[in-house]
Every structure is written in C-alpha cells, then in structure tokens.
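Sequential numbering from 184 applies to the sequence shown in the numbering used here.
Here a beta-carbon is modelled for each residue, glycine too, at the ideal position from N, C-alpha and C.
It should be emphasised that the depicted structure is a prediction, and the values quoted were computed from it without experimental measurement.
To start, the structure under review is shown below, and the notes come after it.
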Amino acid sequence: MTMKKCIFCLLILLFVSFAFGFVPDYWPTNGWRYDDSYDFQELEAYINRIFWKELHSLIIIKDGYVVYENYFKENGSQVSPDDLHALHSATKSINSLLVGIMIDNGYIPSEHIQVMEIFSDYIVENSSKEKYMIELRHVLENTCGFEWNEWAYSYADPRNIYNKFISSPDRVQFVLNLPIADAPGEKFVYNTGASHLVIAAIQRITGKSALEFAEENLFHPLGITEVIWPKDSQGINKGAGLNMIPKDMAKIGLLMLTEGIWEGKQLISKDWIEKSLQKMNRVSTNVYFGYHWWIYEHQNIEIISAYGYNDQRIYIIPSKSLVMVTTAAISSEFSLKLLEDYVLPSFE
Numbered sequence: 184m185t186m187k188k189c190i191f192c193l194l195i196l197l198f199v200s201f202a203f204g205f206v207p208d209y210w211p212t213n214g215w216r217y218d219d220s221y222d223f224q225e226l227e228a229y230i231n232r233i234f235w236k237e238l239h240s241l242i243i244i245k246d247g248y249v250v251y252e253n254y255f256k257e258n259g260s261q262v263s264p265d266d267l268h269a270l271h272s273a274t275k276s277i278n279s280l281l282v283g284i285m286i287d288n289g290y291i292p293s294e295h296i297q298v299m300e301i302f303s304d305y306i307v308e309n310s311s312k313e314k315y316m317i318e319l320r321h322v323l324e325n326t327c328g329f330e331w332n333e334w335a336y337s338y339a340d341p342r343n344i345y346n347k348f349i350s351s352p353d354r355v356q357f358v359l360n361l362p363i364a365d366a367p368g369e370k371f372v373y374n375t376g377a378s379h380l381v382i383a384a385i386q387r388i389t390g391k392s393a394l395e396f397a398e399e400n401l402f403h404p405l406g407i408t409e410v411i412w413p414k415d416s417q418g419i420n421k422g423a424g425l426n427m428i429p430k431d432m433a434k435i436g437l438l439m440l441t442e443g444i445w446e447g448k449q450l451i452s453k454d455w456i457e458k459s460l461q462k463m464n465r466v467s468t469n470v471y472f473g474y475h476w477w478i479y480e481h482q483n484i485e486i487i488s489a490y491g492y493n494d495q496r497i498y499i500i501p502s503k504s505l506v507m508v509t510t511a512a513i514s515s516e517f518s519l520k521l522l523e524d525y526v527l528p529s530f531e
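Structure below.
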C-alpha cells in the first residue's frame with residue numbers, strides 16, 4: 184500500500200471515530216445540562232411563522248448539552264416538559280434496540296432466527312415455504328413479504344389494512360395469517376402489523392413483557408422512569424404504542440450517538456448499532472431503511488431518525504454530535520425541513 188493510500192485510510196478512520204462513537208463529558212441520567220451560547224432567532228421566527236400551532240415540543244442536544252428547548256400548545260393547552268407523548272411508530276426504533284439487547288444477552292443467537300420458529304404453536308392460514316423463511320431481520324427491515332399496504336388509504340379510512348389489524352382480537356394471529364406477496368428480503372413494504380411481531384417475540388423469548396424487559400435493560404439505566412406502553416387484547420405491548428417525555432426521547436438519541444455506551448457501560452453492542460444503521464433498503468431518493476431506523480442523506484450529512492406518525496421524531500446526526508427531538512401533530516415532514524434548513528446551518 185502506498186503512503187498516500189495509508190494516509191487516506193487513516194483520515195477515513197479518524198473521520199469515522201469523530202463522527203460516531205461520541206462520548207459526552209457527563210451523563211444526563213439524572214438530568215440534562217444546558218448550553219445557552221447558540222443563537223436560534225431564525226429558527227424561532229420560522230416556527231412562529233409556519234407551524235407553531237402544530238408543534239408541541241422541540242429539543243436540540245449538541246455535544247451532550249441542551250442548547251434549545253421549547254414547549255408549545257396542544258389543542259389550546261400549554262405543553263409541559265413532563266407531558267408524556269405518544270411516539271407512534273418511533274417506538275419501532277426502540278423495539279429494534281431491544282432486539283439487539285436480547286441478542287447481546289444470549290436469548291437468541293441472532294436476528295436470523297425464523298419468525299415461525301418463535302411462533303411455532305400458531306396454526307396459520309396461507310401457509311407457504313416462503314412464510315417459513317421469514318427471519319426476524321426481515322421484519323426489522325420491513326422486507327418480510329406479507330401482503331400488506333397501509334399506505335393505500337388514509338389511516339382514518341376503515342379500508343386501511345392497519346385498521347383491520349388493530350381491530351382484530353389477536354394481532355399476532357392476524358399478521359401470521361396473511362398471504363405472502365414477495366419473497367422475504369426482496370421488497371421494502373412498510374408494515375406496522377409485522378412490527379408488532381417484534382414485541383410479541385421479545386415477550387415470548389424473554390418471558391417478560393417488552394416494557395419489563397426495556398425497563399430492566401434500557402430505560403432504568405438511562406434514568407427513564409416515566410413511560411406508558413399500552414397492551415393489546417392479548418396482553419402484548421403495542422408495537423407502536425410507547426409514550427415518553429421528549430427529554431427521555433433525547434436520551435435514546437444520545438445512546439445512539441455513543442454507539443450504545445452509557446456511563447461507561449455498553450448497554451447495546453456497537454455491532455448491533457452498526458447493523459441497525461446499514462442502508463439495507465432504499466425507500467426513495469436519499470432515504471434508506473435499516474433495522475427499524477430511517478437514514479437520510481442531506482448534503483453529505485447522514486441523518487438517522489426514529490419516525491412516528493404526525494412527526495414524532497428522534498434525529499441523530501453523528502457528524503455534528505447532534506440530537507433533535509420533536510413531538511407534534513403535523514402530517515408533513517416539517518421537522519426534517521426544520522432540521523435541514525434551520526438547525527444544521529446553526530452549527531456550521
């Protein structure tokens with residue numbers, strides 16, 4: 184290898200080490216520290232001009248410090264920092280972390296375990312060879328192949344398969360009964376029903392509810408003590424049902440930024456974090472999907488996101504040591520525009 188190539192490789196390694204694996208100079212387990220040295224006048228002007236009525240909270244963490252925190256109104260009432268918010272599908276990214284912890288602790292050898300092996304006692308309709316090939320990783324990737332399209336109709340439309348799923352007496356059975364439309368791993372199809380299988384799998388494999396498992400292995404180590412996680416009629420925590428306060432959502436973001444380390448302990452293996460953030464499926468231009476994490480490319484900056492309905496978001500920008508959290512009631516991707524056009528330029 185030539186000297187130039189050696190230097191180039193070293194520079195790449197240095198970039199990666201600085202861009203990811205951030206270590207803060209304190210841990211916000213018992214509370215965040217603040218840095219008020221940044222100017223966000225343009226950001227606030229934009230929020231007040233455009234979407235302040237639909238934005239409920241906005242928190243920005245830079246280098247482990249809260250540099251911006253604001254709470255707005257929801258249905259005419261002032262939002263409090265201690266108000267729990269429904270994360271909707273942003274829950275799924277946390278579910279992915281729980282799978283990683285489950286593997287790290289030896290409950291299963293890997294994410295390649297077959298789904299029908301986990302649910303072997305279920306008698307399913309539309310049985311096929313392909314159905315028995317579905318692995319847990321396919322569910323995490325949204326490539327499990329079930330016949331499903333929750334984007335065909337509005338979520339308010341009773342024809343949406345999502346509404347049929349949530350009204351079914353046994354949600355796991357409903358999903359496992361679905362016909363197979365594509366070979367596992369072949370095609371990305373956003374599937375909230377299949378994501379519920381992740382939670383059901385955690386409960387079956389560990390013998391604990393997803394909430395109990397999360398509290399023991401994730402929430403309590405982070406200092407997250409107030410959450411609500413409703414259950415379905417079968418007693419399984421809902422796959423997209425977690426409720427959390429925004430500053431605790433930010434702790435999840437910081438944990439991703441540190442590659443799973445918290446207070447010197449590896450809560451989630453670096454290997455799992457890296458796997459989760461691989462661009463396994465291209466969803467659209469500059470938008471990719473990993474293990475229940477969204478990855479965006481913006482002007483050579485990689486943006487990682489947990490994304491829930493109505494713009495509940497946890498953003499992680501490794502190259503900037505930045506985390507941004509929003510809770511909202513916005514149908515568009517307002518927060519992504521806010522991040523790209525107003526927040527990121529503040530740190531150039």
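Y345 is a Cβ neighbour of T375, given a cutoff of 7 Å. If one requires a minimum length of 3 residues, the beta strand (DSSP E) runs lying completely within the region 417 to 492 are 464 to 467, 470 to 472, 477 to 481, 484 to 491, in chain order. Judged by pairs of C-beta atoms under 8 Å, the region 444 to 452 does not touch the region 509 to 523, as fewer than three such pairs exist.
Between the alpha carbons of V508 and E395 lies a gap of roughly 24 Å.
Taking 8 Å as the upper bound for CB-CB distance, N278 and F472 are not in contact here, some 14 Å apart. Taking a C-beta distance under 7 Å as the contact criterion, Y492 and H271 qualify as a contact pair. CA-CA distance, I301 to A366, rounds to 19 Å. Cβ-Cβ separation between N258 and L241: approximately 18 Å, too far for a contact (criterion under 8 Å). The C-alpha of N464 lies about 34 Å from the C-alpha of T408. Counting along the chain, no beta strand (DSSP E) covers A366, and no H or E run does either. For H321, DSSP records no beta bridge to any residue. Taking 7 Å as the cut-off, the beta carbon of I385 is found closer than this to the beta carbon of A393. Assignment of F396 by DSSP, reduced to helix, strand and coil, places it in the helix class.
Annotated as distal: I419 and A364, with beta-carbon spacing of 7 Å or more.
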